[in-house]
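Chemist: Top line first, the protein sequences correspond to chains A and B. Its first residue numbered 6, the first sequence is counted upward by one per residue in my numbering. Its first residue numbered 6, the second sequence is counted upward by one per residue in my numbering. Below you will find the structure I want to go over with you.
Protein chains: 2
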Amino acid sequence: MISQATIDRLPLYFRTLRLVEDEKIPIISSDELGRRLDITPEQIRKDLATFGQFGRKGIGYDVRELKEKLANILGLQNNWRLAIVGVGHLGGALANYVNFASLGFSVVALLDINKNLIGTKVNDIPVNNVANMKSVIRKYNVDIGVITVPADEAQGVADLLVAAGIKGIWNFAPTKLSVPAEIPLVNEDLSIGLSALSYYMSQDLTEVY
Amino acid sequence: MISQATIDRLPLYFRTLRLVEDEKIPIISSDELGRRLDITPEQIRKDLATFGQFGRKGIGYDVRELKEKLANILGLQNNWRLAIVGVGHLGGALANYVNFASLGFSVVALLDINKNLIGTKVNDIPVNNVANMKSVIRKYNVDIGVITVPADEAQGVADLLVAAGIKGIWNFAPTKLSVPAEIPLVNEDLSIGLSALSYYMSQDLTEVY
């Protein structure tokens, strides 16, 4: 059983290794990886050991090998194709978010119910009518549905995505969705990071006063 | 030492307890809380036990008491005031994100270097000139700086925020920032949740084929 926290650190390792590879560095130690990421070398060694034997004691990790292994573990080699449903502020921001491409994800379709948006483009991606969900998902070979509609519309959108044959759902609407057990669902809540910051800021205050 | 994963679950508990309180339910069991959140009752009891003795065996948690205790642990009673630096797609989305208000956070100021944006309003919040950072942070009593500028501008913005006396930084730019140790910094990376989804989708494929 791999912890969520470990899974969440893998893309950080992957992205750093790709930068290291760009710098033509063939071998990296857990100390140097830790320094670049602000994560302890012990944590990095423990995380990577979960997936097998990597690196050589006293030498380090083969950068390209570890990078490719991580890409495989994370499934990044699938180059997943995303459709964003709900082209409001958040949907528009995600359509323009550059970090996705750096991990092999691409946003290939946008959907909305707003007649004024349908037919326009955001970041060169066409906005389609939600009513055509099934044909859009097929036409653009969409793997992942991203839900950025208001909470009370989210379940309806999830049902449409599932009916259209989506393989996974990334939900930003602040509501609990019901989807078939075989469809992986990740809920994103931007206020969690902010609450963590509030927690750390409060701890500081406690220490000071 | 409280784990990051536990801290990340606390706002979910808090938000659910507030909904439960709105439903006039005075006592809730870890089973019911777990059902509403899709988290095991054992996990919930373990998380809450980290912070002391709550609830009564076989009866449950006092909803209002637990909610207030969690707000205190998370520092939400501070009603932190946010300034967003960089009013692009993501900054605009955050300025409109309703979940923050539900946890007591408020966005009180926006800053940008774009002359076309300065003086306009987004979600009724005025856009100020980054050059006036110090006076804006003081005028609006800003606690938290939110960085949504491109990676190569992020460190400069962080330095301005620190010089202006900010208490905490929430960074969305895909770069590692240097700030004084006494300023809590939380880095947000939207592609982490997406990578986790990719991981689960790949695991499913492995099982199927």
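The beta carbon of each residue, even a glycine, is placed where N, CA and C say it ideally should be. All of these numbers come straight from a predicted model, not from anything done at the bench.
#1: Would B:V25 be called buried (16 or more neighbouring beta carbons within 10 Å of its own) or exposed?
#2: Between B:L42 and the rest of its own chain, which residues show a CB-CB distance below 7 Å, the 5 nearest in sequence each way excluded?
#3: Within the 7 Å Cβ cut-off, does B:E193 reach chain A?
#4: With a cut-off of 7 Å, does the C-beta of B:F177 fall near any C-beta of chain A?
#5: Excluding the five sequence neighbours on either side, which residues of its own chain have a C-beta within less than 7 Å of the C-beta of B:L122, listed in chain order?
#6: In terms of DSSP beta bridges, what is A:G150 paired with?
#7: Measuring CB atoms only, is the region 79–86 of chain A touching the region 72–87 of chain B, in the sense that at least three cross pairs come out at less than 8 Å?
#8: To be precise: take each residue of the region 44–60 of chain B, compare its Cβ to all Cβ atoms of chain A, and keep it if any distance is under 7 Å. Which residues remain?
#9: Relative to the alpha-carbon of A:S301, which residue among A:Q160, A:L166, A:K181 has its alpha-carbon at the smallest distance?
#10: According to DSSP, simplified to helix, strand and coil, what is A:G80?
#11: Under 8 Å, with one C-beta from each stretch per pair, do the region 172–179 of chain A and the region 199–208 of chain A reach the 3-pair mark?
#12: Using the Cβ count rule (16 or more neighbours within 10 Å means buried), how would you classify B:G124?
#13: B:I197 versus chain A: which residues are under 7 Å apart at the beta carbon?
#14: Under three-state DSSP, which class holds B:N101?
#15: What are the residues in the region 99–118 of chain A lying within 9 Å of chain B by C-beta distance?
#16: Give every residue of the same chain whose Cβ lies closer than 7 Å to the Cβ of B:G97, excluding the five residues on either side of it in the sequence, and list them in chain order.
#17: In chain A, which residues lie with their C-beta within 7 Å of the C-beta of B:P189?
#18: Which chain B residues are close to A:D83, counting only those with a beta carbon under 9 Å from its beta carbon?
#19: Check whether the Cβ atoms of A:F105 and A:W85 lie closer than 7 Å to each other.
#20: Between the alpha carbons of B:M206 and A:I7, how many angstroms are there, rounded?
#21: So with CB distances below 8 Å, who are the chain B contacts of A:Q9?
#22: So, does the CB of A:L166 fall closer than 7 Å to a CB anywhere in chain C?
#23: Could you name the residues of chain A that B:I149 contacts, counting a contact when the two beta carbons are closer than 9 Å?
Modeler: Per the coordinate set shown:
#1: Buried is the call here.
#2: L17, T21
#3: Residue contact check for B:E193 against chain A: a CB pair falls below 7 Å.
#4: For B:F177, the answer is no, since every Cβ of chain A falls outside 7 Å of its Cβ.
#5: V92, V132
#6: A:A88, A:I174
#7: no
#8: none
#9: Outside the modelled stretch of chain A, which goes from 6 to 214, sits residue 301 of chain A, for which no answer is possible.
#10: DSSP places A:G80 in coil when its eight states are reduced to three.
#11: no
#12: Answer is exposed; the Cβ neighbour count stays below 16.
#13: D13, P16
#14: coil
#15: L99, A100, N101, Y102, V103, N104, F105, S107, L108, G109, F110
#16: Shown here for B:G97: same chain residues with a beta carbon closer than 7 Å to its own, the five before and five after excluded, namely V127 in chain order.
#17: Near B:P189 (Cβ distances below 7 Å), the residues of chain A are L202, Y205, M206, D209.
#18: The question names Asp, yet the displayed sequence has Asn at residue 83 of chain A. Contacts between A:N83 and chain B, judged by CB atoms closer than 9 Å, involve S203, M206, S207, L210 in chain order.
#19: no
#20: 15 Å
#21: The answer, in chain order, is A10, A201.
#22: Considering every chain present, this structure includes no chain C. Its protein chains are A and B.
#23: L199, L202, S203, M206
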